[in-house]
Every structure is written in structure tokens, then in C-alpha cells.
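The sequence shown lines up with residues 1 to 219 when you count with full-length UniProt numbering. Note sheet for the following structure.
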Amino acid sequence: MDDYVPITPLDVKLFFIFLVVFLGGYYRTVLSPVAGRPDGFGNSSGISNLHSVPLCALACLSLNQIIPESVPICWSVSFFVVDLLDCVVRREAMWFVHAVISLTLNLLTGRSARHRALRSVSKGFFAEASTPFLNHWKNSKSYPSYVVFFVVFTLCRVIWVPYFIYMTYAVHMNGEIDMLIWPSLAFCVLQFVWYAKMCRIVVNYKLPKEVMEQSSKEQ
Numbered sequence: 001m002d003d004y005v006p007i008t009p010l011d012v013k014l015f016f017i018f019l020v021v022f023l024g025g026y027y028r029t030v031l032s033p034v035a036g037r038p039d040g041f042g043n044s045s046g047i048s049n050l051h052s053v054p055l056c057a058l059a060c061l062s063l064n065q066i067i068p069e070s071v072p073i074c075w076s077v078s079f080f081v082v083d084l085l086d087c088v089v090r091r092e093a094m095w096f097v098h099a100v101i102s103l104t105l106n107l108l109t110g111r112s113a114r115h116r117a118l119r120s121v122s123k124g125f126f127a128e129a130s131t132p133f134l135n136h137w138k139n140s141k142s143y144p145s146y147v148v149f150f151v152v153f154t155l156c157r158v159i160w161v162p163y164f165i166y167m168t169y170a171v172h173m174n175g176e177i178d179m180l181i182w183p184s185l186a187f188c189v190l191q192f193v194w195y196a197k198m199c200r201i202v203v204n205y206k207l208p209k210e211v212m213e214q215s216s217k218e219q
């Protein structure tokens with residue numbers, strides 16, 4: 001049976017400090033009488049980048065043994081707690097599943113002494129490196145920005161995630177399988193479902209109607 005890493009007082013402090021950051025983001029994007037809207041948190045590029053960019057940086061520091069892995073874990077868990085609540089409020093089924101899988105992987109893998117020694121969670125966080133490129137495309141809606149996002153998504157989520165899962169179980173754990181393989185595979189399946197849709201889009205890309213209308217006005 002796998003040993004578990006205890007939750008320390010520092011972990012609890014970090015979680016609540018980071019939670020305040022994302023709850024503040026939720027208030028500003030959803031509840032604020034000035035700029036808030038029902039889908040503000042889920043559609044905010046700023047909030048999304050606030051999670052993904054520092055997370056990748058923290059994951060790098062963790063892999064280089066500069067900071068404990070609990071730091072990026074607490075950062076990501078605090079985001080997905082708020083994201084999960086937002087999905088429940090908005091009844092977003094697909095993103096709810098994504099948040100549940102992400103929280104499961106963060107919490108269970110992060111508590112596993114074996115995976116903590118391998119820094120498995122930090123390696124998995126590099127999947128988030130594609131997120132800023134998604135947000136850039138969502139803001140620009142241009143085909144070149146979509147192609148860049150498509151390439152980065154392919155590298156970070158379609159190639160890297162299965163590869164690092166394979167290396168974790170087949171090489172570092174000598175073929176031994178634990179229960180964490182199942183949420184990992186569920187995460188992979190979700191990425192491939194998205195990727196199938198993305199492949200169709202990259203072949204049959206159409207500019208949104210509002211972008212075409214704006215281009216016509218400028219001409």
C-alpha cells in the first residue's frame with residue numbers, strides 16, 4: 001500500500017492565501033456590479049493565465065528542487081476549487097468533469113509519497129503551457145493564432161501527457177499500476193476528445209461572424 005505525504009500547516013496556509021487570490025478574481029469577473037457577468041470567471045483570459053503561467057513556472061522550480069511540490073499543488077488546487085464551484089453555478093458539464101479530474105489528480109497524486117518523490121504532479125502541470133495560447137486565440141480569433149495554439153496543444157497535451165504517464169508507470173515504477181492511473185487516463189481521454197474537435201477546426205477554419213464584419217468595416 002502506498003504511503004501518503006501529510007498535509008502540513010504551511011500547505012494549509014498556502015492554500016488559503018492562493019484561494020483568496022482566485023476568489024478575488026471570481027468576485028471581479030462574476031459578482032462585481034461594474035464588470036461582473038455570469039460567465040466571467042470561466043471565460044476570463046486573465047484568470048486563466050493567472051493560473052497557468054505561474055503554475056508552469058512553479059512546476060519548473062519544483063522539478064529543480066528549488067521549492068517543495070506542495071507550492072504548485074496548492075496554487076492549482078485553489079484555482080480548481082473556485083473553478084469547480086463556478087461550473088456548478090453555471091451548470092457547465094464538460095468543464096465540471098475537467099475540474100473534478102484535475103482536482104482528483106492534484107490531491108491524490110500530490111498525497112502519494114511515491115509520486116511526490118517522482119514530482120509527478122509538477123510534470124503533469126506542463127500541460128497547462130498550452131493555455132495562454134488558447135487565450136490568445138480566443139482574443140484574436142485569427143487562423144495563425146489558432147495554428148500556434150494547435151501545435152502547442154499537440155506538444156503539451158497530446159504528446160507530453162501520455163509520454164510522461166508512460167514513463168512514470170512503465171519506467172520509474174517498473175510497470176506497477178496504482179489507482180491513480182485511472183484519473184490520468186480519464187484526463188488523456190478528455191484531451192483527445194478536444195483534440196479531435198480541434199483537428200476538424202484546423203482543417204475547416206472559419207472566422208467568427210463578428211470578426212468578418214469588423215474586417216469589412218475597416219476596409
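The C-beta atom is built at its ideal place from N, Cα and C for all residues, glycine as well.
Would T168 be called buried (16 or more neighbouring beta carbons within 10 Å of its own) or exposed?
buried
Under a three-way DSSP split, which group does Y163 fall into?
helix
Let's test the definition: count the other Cβ atoms within 10 Å of the Cβ of E176 and tell me whether it reaches 16, buried, or not, exposed.
exposed
Considering Cα atoms alone, identify which of A186, Y205, F187, F41 is closest to S145.
Y205
How would you write the range of the alpha helix (DSSP H) that Y143 sits in, first residue to last?
143 to 153
Could you check if residue 244 is buried or exposed, using at least 16 other CB atoms within 10 Å of its CB as the buried criterion?
Because the chain in this structure spans residues 1 to 219, residue 244 falls outside the shown range and cannot be described.
Count the other C-beta atoms from every protein chain shown that fall within 10 angstroms of the C-beta of Q214, then say buried if there are 16 or more, exposed otherwise.
With a pLDDT of 48 at Q214, under the threshold of 50, the modelled position of this residue cannot be trusted; read the value that follows with caution. With fewer than 16 Cβ atoms within 10 Å of its Cβ, Q214 is classed as exposed.
Quick check on the DSSP output: the alpha helix (DSSP H) that includes G25 runs from which residue to which?
9 to 26
Taking the continuous alpha helix (DSSP H) assigned at L85, which residues delimit it?
70 to 90
Cutoff 6 Å; reference V77; Cβ partners in own chain excluding five residues on either side
N106
Shortest alpha-carbon distance to L85 belongs to which of I165, G124, Y26?
Y26
Count the other C-beta atoms from every protein chain shown that fall within 10 angstroms of the C-beta of F125, then say buried if there are 16 or more, exposed otherwise.
buried
CB of A127 within 8 Å of CB of R91, strictly:
no
Throw me the rounded Cβ distance for the K190 and L108 pair, which I believe falls under 8 Å.
The question names Lys, but residue 190 in the sequence shown is Leu. L190 to L108, Cβ: 17 Å. No contact.
How would you write the range of the alpha helix (DSSP H) that H115 sits in, first residue to last?
113 to 118
Taking DSSP as the reference, what is the three-state secondary structure of Y4?
strand
In terms of residue numbering, what span does the alpha helix (DSSP H) encompassing C188 cover?
181 to 203
Considering only their Cβ atoms, is the gap separating L58 from I67 smaller than 8 Å?
yes
For the putative contact between Y4 and S112, defined by C-beta atoms under 8 Å, what is the C-beta separation to the nearest angstrom?
7 Å
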